[in-house]
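Under UniProt numbering, think of the first position of the sequence shown as 1, with each following residue one higher. Ideal Cβ positions, reconstructed from N, Cα and C, are used throughout, including at glycine. Keep in mind that this is a model prediction, so the values were computed, not measured.
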Amino acid sequence: AVIAGPVFLVCLLLIVGVFLFQHHQRAYNHRQRLDVEDPSCDHLYLAKDKTLQDLIFDLSTSGSGSGLPLFVQRTVARTIVLQEIIGKGRFGEVWRGKWRGGDVAVKIFSSREERSWFREAEIYQTIMLRHENILGFIAADNKDNGTWTQLWLVSDYHEHGSLFDYLNHYSVTIEGMIKLSLSAASGLAHLHMEILGTQGKPGIAHRDLKSKNILVKKNGTSAIADLGLAVRHESVTDTIDIAPNQRVGTKRYMAPEVLDETINMKHFDSFKCADIYALGLVYWEIARRCNAGGIHEEYQLPYYDLVQSDPSIEEMRKVVCDQRLRPNVPNWWQSYEALRVMGKIMRECWYANGAARLTALRIKKTLSQLSVEEDVKM
């Protein structure tokens, strides 16, 4: 017993050491690739007359589907001029920046959030991830000025900001509600979907879906953002690549099985089902702001009437799991087909049993049909 204690401690230290070494090796390799990648590709992407729109077009039509070469990412990031701060979060700040006359969004992580920065950049560069309803990634770079390191993640800029901000300021028409909801389902369906083949894509679950992590594009559609907590699933090996950072999702949007810790972390579909529950809450936020017949309600967060502004997991568990309460779906929604359909979708996203919930693809198909019936131009 005297020997067993020190031996166990040595083994534990070795395991922790190996884990830390592997993480730093990955980060180091990422930086090394930035430094040694062939700069001759630079001119292909960054000719002097090339605008931001040209660069984004190149990204959209790129055969690889995994983003710009890393050397080009660094060059772009280092020629961005920051203009104004547009948001703050637990990770750091978001700025509007200028690159060759076009606006970009720059998410700046504090150095202690390196794991979150690295993970999000890694997920955004997953092969075949690009989609019109997922925030367009442009570049990642680490800027070391000698005293501290700034970790940048550069993406498309959307002037309307988050869906949370948008709904706080504006009500939406029935057409606007359908556009926001259908496009969010399209983005999530693409994220969840696995594409097989050499140029394939793993299934990805978001794990922190909420109105603050969805952006509103100029055309009134949604773009899913903030993939720092996402998990990837490789079906060939049936492995789940889970984020190494310590962040957890937003308590207010946590599915019942996450709140009561019954979620099966070894089963990828469990994560997708939790995303669907959160999507149903986002739909409730949108539908409340829908102006139908001159009626619309003020913006509120889900469960605003049941929990405090920053609820604990215990508080959410009591409401969602023990009392089995869900946000109120008003009876008057039955008077409008679009709101009736939205209410039905929400209820089918909120089942206590995750496996009984709708899939993102099913929601997309239902809302596509509704958009045809309501003559919505996407």
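Residue Thr198 holds the alpha-carbon nearest to the alpha-carbon of Val236 among Asp275, Arg252, Glu261 and Thr198. For His169, the enclosing alpha helix (DSSP H) covers residues Leu163 to His169. Under DSSP, Ile108 shares a beta bridge with Glu93 and Trp152. Residue burial annotation: Trp284 is buried, with at least 16 other C-beta atoms found within 10 angstroms of its C-beta. Here DSSP, grouped into helix, strand and coil, assigns Glu159 to coil. Distance from the CA atom of Arg317 to the CA atom of Glu261, rounded to whole angstroms, is 10 Å. The C-beta of Met346 has 16 or more other C-beta atoms within 10 Å across all chains shown, which makes the residue buried. Within the model, the alpha-carbon separation for Ala140 versus Val320 is close to 38 Å. Per the coordinates, the alpha-carbon of Ile127 lies some 22 Å from the alpha-carbon of Asn213. Within the model, the alpha-carbon separation for Asp322 versus Thr149 is close to 45 Å. The stretch 181–196 makes contact with the stretch 355–370: 3 or more CB pairs, one atom from each, lie closer than 8 Å.
When the five nearest sequence neighbours on each side are left out, the beta carbons in the same chain lying within less than 6 Å of the beta carbon of Asp275 are those of Ala205, His206 and Leu209, in order along the chain. Per DSSP, Glu84 lies in no alpha helix (DSSP H) segment; the continuous beta strand (DSSP E) that holds it begins and ends at Val81 to Lys88.
Between Gly97 and Val81, the C-beta spacing is below 8 Å.
Membership of Leu279 in any beta strand (DSSP E) is not indicated; the residue belongs instead to the alpha helix (DSSP H) covering Phe268 to Arg288. It is roughly 10 Å from the alpha-carbon of Val216 to the alpha-carbon of Tyr157. Straight across, the Cα-Cα distance linking Phe71 with Arg78 is about 11 Å. When only Cα atoms are considered, Arg115 and Val307 end up about 31 Å apart. Rounded to the nearest whole angstrom, the CA to CA distance from Ser181 to Ser309 is 25 Å. Excluding its 5 nearest sequence neighbours in each direction, Leu191 has C-beta neighbours in its own chain below 7 Å: Ile134, Ile204, His206 and Ile224, listed in chain order. Listed in chain order, the non-local C-beta contacts of Arg324 below 7 Å within the same chain comprise Ala352, local neighbours out to five positions each way being set aside. Assignment of beta strand (DSSP E) within the stretch 204–269, counting only whole runs of 3 or more residues, yields 214–216, 222–224, 231–234 and 239–241 in chain order. In the DSSP assignment, Trp99 forms a beta bridge with Gly102. Per DSSP, reduced to three states, the secondary structure at Asp305 is coil, with no helix or strand assignment. In the same chain as Asn264, and ignoring 5 residues on each side of it, the C-beta atoms closer than 6 Å to its own belong to Ser270, in chain order. Minimum Cα-Cα distance from Ile174 among the listed residues Thr359, Cys349 and Arg340 corresponds to Arg340. Nearest to Val154 by alpha-carbon distance, out of Asp305, Ala189, Glu194 and Glu122, is Glu122. The beta carbon of Val104 sits closer than 8 Å to those of Leu52, Ile80, Arg96, Gly97, Lys98, Ile138, Val154, Ser155, Asp156 and Tyr157, all from its chain and outside the five residues before and after it, given in chain order. Only residues of its own chain outside the window of five on either side were considered, and among them Lys179, Leu182, Ser183, Thr221 and Ser371 have a CB closer than 8 Å to the CB of Met378, listed in chain order.
Taking the CA atoms as reference points, Gln73 sits about 47 Å from Ile295. Contact annotation: Asp238 and Val231 have beta-carbon atoms that are not nearer than 8 Å.
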